[in-house]
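Participant:
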Amino acid sequence: MFQLKSEDSTTILIIRITSAFWIFTKLFSYKVWHTDRLFPVIPPFEFLENIPNSVHLALFFIALSGIALVGIFPKSKVILVATTAVEFSSCLLDQSRWQPWEYQYLLTFIFFFFYNKNPKQFLNYFSFLIIATYFFSGLHKLNGGFL
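Residues 13 to 159, numbered by our numbering, are exactly what the sequence shown covers, in order.
Okay, here's the thing in structure tokens:
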């Protein structure tokens with residue numbers, strides 16, 4: 013007979029699915045995560061302008077590894093915090109890395125960090141995040157310049 017999953021196992025499933033799709037998205041957009049590309053790297057702060065490509069690539073691979081580890085060990089707060097910090101640091105090196113999917117994945121991990129003891133509250137925040145993402149995506153398409 014079909015049984016409904018508990019809220020806790022649903023939360024773990026959401027984190028694992030988020031991890032899998034985040035890895036796929038980062039690999040698909042790999043050119044954004046290194047500096048050897050046609051479009052310029054534009055950091056938000058001047059002191060971050062001359063960071064070598066090796067640092068960008070190291071952060072990329074560390075973030076990928078961390079995201080995979082969060083998918084495997086979703087209850088480990090140390091891995092979750094370290095991965096979020098590495099990803100945030102990587103995004104600070106270039107403004108073009110701040111894409112809507114990046115916000116969505118980062119916020120999902122942050123919500124999970126703060127509300128993994130209360131799965132119902134995590135599910136509420138996660139639902140709101142999905143609704144807001146789709147709402148603003150649709151709102152953006154109402155622009156006459158979109159076509």
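Backbone N, C-alpha and C define an ideal beta-carbon position, used for all residues, glycine too.
Which same chain residues, not among the five before or five after F134, have their C-beta less than 7 angstroms away from its C-beta?
Facilitator: Contacts found: T23, F123, F124, Y127, N128.
Participant: In chain order, what residues of the same chain have a beta carbon less than 6 angstroms from the beta carbon of P86, not counting five sequence neighbours either side?
Facilitator: Result list for P86: I24, I27, in chain order.
Participant: K132 lies in the alpha helix (DSSP H); which residues open and close that run?
Facilitator: Start and end: 131 to 153.
Participant: Relative to the C-alpha of S101, which residue among A75, F36, A80 is closest?
Facilitator: Taking only the C-alpha atoms, the option nearest S101 is A75.
Participant: Three-state secondary structure (DSSP) at R49?
Facilitator: The answer is coil: DSSP assigns R49 none of H, G, I, E or B.
Participant: Once the 5 residues before and after T120 are set aside, which same chain residues still bring their CB inside 8 angstroms of it?
Facilitator: So the qualifying residues of the chain are I26, I27, T30, F138, L141.
Participant: From the DSSP output, in three-state form, read off S18 for me.
Facilitator: If DSSP states are grouped into helix, strand and coil, S18 belongs with coil.
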